[in-house]
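*Asks:* Start counting the sequence shown at 1; every next residue gets the next number (UniProt numbering).
We put the beta carbon where it would ideally sit given N, CA and C, even for glycine.
The model shown is predicted, which means the values in this text are computed figures rather than measured ones.
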Amino acid sequence: MTDEDYLNGQILLIDKPLNWTSFQAVNKLKYALINKLGLPKKFKIGHAGTLDPLATGLLLVCTGKFTKRITELQGQAKEYTGTFFIGATTPSYDLETEIDKTFPTSHINEALIHETVKQFLGEIDQIPPIYSAIKKEGVRLYEHARAGNAVEIASRKTTIHEFEITRIALPEIDFRVVCSKGTYIRSLAFDFGKAMNSGSHLTALRRTKIGDYDVKDAVDVVVFEDNLESK
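Structural data, given as structure tokens:
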């Protein structure tokens with residue numbers, strides 16, 4: 001594609017690597033396009049839905065005039081796969097922080113796991129993690145958390161369209177979830193453990209689909225950069 005193609009608008013399917021922020025991925029693409037194709041430094045580029053650094057998978061990146069479609073793309077259903085670790089929680093609900101509490105698991109069996117799944121199908125109330133980018137009184141929640149501030153977080157309505165358990169090897173449970181915009185899979189992990197009278201946190205997460213876009217068609221950031229032809 002030419003510089004004009006990117007200015008007129010493209011949706012790039014990127015497979016975000018582990019430990020990269022979504023911002024870092026977009027920045028890498030931006031400067032690759034500037035340096036290799038000569039695009040203006042102020043050309044528009046942005047992503048349609050943040051992935052945490054500890055998550056991998058599909059990141060939709062819009063360029064040029066297609067940045068106007070970001071809100072539309074963010075509203076589409078998303079599919080994730082990943083792993084819950086049963087019997088322990090962390091303050092961040094994932095591996096960003098250390099385990100703070102442990103819980104019994106001897107009562108947990110396959111029947112209980114599959115029965116618990118049913119509680120989370122459809123519209124649910126969900127409280128976002130304290131380690132998230134949501135703002136409270138003008139400050140990001142994760143900044144409150146790192147400062148040790150106690151803050152009250154309001155619950156939100158979200159919808160779980162599909163929730164499938166794909167592997168049970170306790171203390172690990174693998175899953176596939178299709179959900180609405182604004183769903184926190186980390187919160188789902190925490191709530192799932194609590195619903196089984198235990199604890200849980202997220203140890204792996206991969207976004208596989210956004211609407212009809214599939215990670216199978218995505219490319220790694222570095223590979224995308226290497227494939228760009230210089231002007």
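For the beta strand (DSSP E) that residue 288 lies in, which residues bound it at each end?
*Replies:* As shown, the chain starts at 1 and ends at 231. That puts residue 288 outside it, with no answer to give.
*Asks:* Going by DSSP, what residue range makes up the alpha helix (DSSP H) through A25?
*Replies:* Per DSSP, A25 belongs to the alpha helix (DSSP H) from 22-37.
*Asks:* Would you list, in sequence order, the uninterrupted alpha helix (DSSP H) runs of no fewer than 4 residues that lie entirely inside the region 49-75?
*Replies:* The region 49-75 contains these whole alpha helix (DSSP H) runs: 70-74.
*Asks:* Mind checking V177: buried by the 16 CB within 10 Å criterion, or exposed?
*Replies:* So V177 ends up on the buried side.
*Asks:* Output yes or no for whether 8 Å exceeds the beta carbon distance between I70 and A48.
*Replies:* The answer is yes: Cβ separation under 8 Å.
*Asks:* Just checking, does the region 201-208 make contact with the region 78-92 on the three C-beta pairs under 8 Å criterion?
*Replies:* Contact holds: three or more Cβ-Cβ distances are below 8 Å.
*Asks:* Can you name the residues that DSSP bridges to Q10?
*Replies:* Answer is T63.
*Asks:* Counting only the same chain and skipping the five closest in sequence on each side, list residues whose C-beta sits under 6 Å from that of E79.
*Replies:* Hits under 6 Å: V178, T208, K209.
*Asks:* Quick one: what's got a C-beta closer than 6 Å to F103's C-beta in the same chain, skipping five residues either side?
*Replies:* Contacts found: G87, S198, G199.
*Asks:* Using the C-alpha atoms, what's the distance from Q74 back to K231?
*Replies:* Low local confidence applies: a pLDDT of 46 at K231 is under 50, so the model's placement there is unreliable, and no value is given.
*Asks:* Quick check on I127: does DSSP put it in helix, strand or coil?
*Replies:* Three-state result, I127: coil.
*Asks:* Per DSSP, which residues does K16 bridge with? Please list them.
*Replies:* In DSSP, K16 forms a bridge with G57.
*Asks:* Between the alpha carbons of G38 and T159, how many angstroms are there, rounded?
*Replies:* Taking the straight line joining both Cα atoms gives about 43 Å.
*Asks:* According to the neighbour-count rule (16 or more other Cβ atoms, all chains shown, within 10 Å of its Cβ), is G57 buried or exposed?
*Replies:* Buried: at least 16 other Cβ atoms inside 10 Å.
*Asks:* If the criterion is Cβ atoms closer than 8 Å, does the pair A189 and Q119 meet it?
*Replies:* No, they are not a contact pair.
*Asks:* Quick one: which unbroken beta strand (DSSP E) runs of 3-plus residues sit fully inside the region 190-231? Chain order, please.
*Replies:* DSSP runs (the beta strand (DSSP E)) wholly in the region 190-231: 200-210.
*Asks:* For a test of the three-state rule: what should DSSP assign to D3, helix, strand or coil?
*Replies:* Here D3 sits in helix by DSSP.
*Asks:* Using 10 angstroms around the beta-carbon of A25, count the other beta-carbons present and answer buried if the total reaches 16, otherwise exposed.
*Replies:* A25 comes out buried.
*Asks:* Among L112, I34, D217, which one has its Cα closest to the Cα of K44?
*Replies:* Ranking the options by Cα distance to K44, first place goes to I34.
*Asks:* Exposed or buried, what is A169 when buried is set at 16 or more other beta-carbons lying within 10 Å of its beta-carbon?
*Replies:* Under this definition A169 is an exposed residue.
*Asks:* Just the Cα atoms here: how many angstroms apart are K157 and E123?
*Replies:* Approximately 7 Å between the Cα atoms of the pair.
*Asks:* Starting from T83, trace the beta strand (DSSP E) both ways and give me its first and last residue.
*Replies:* T83 -> beta strand (DSSP E) spans 78-86.
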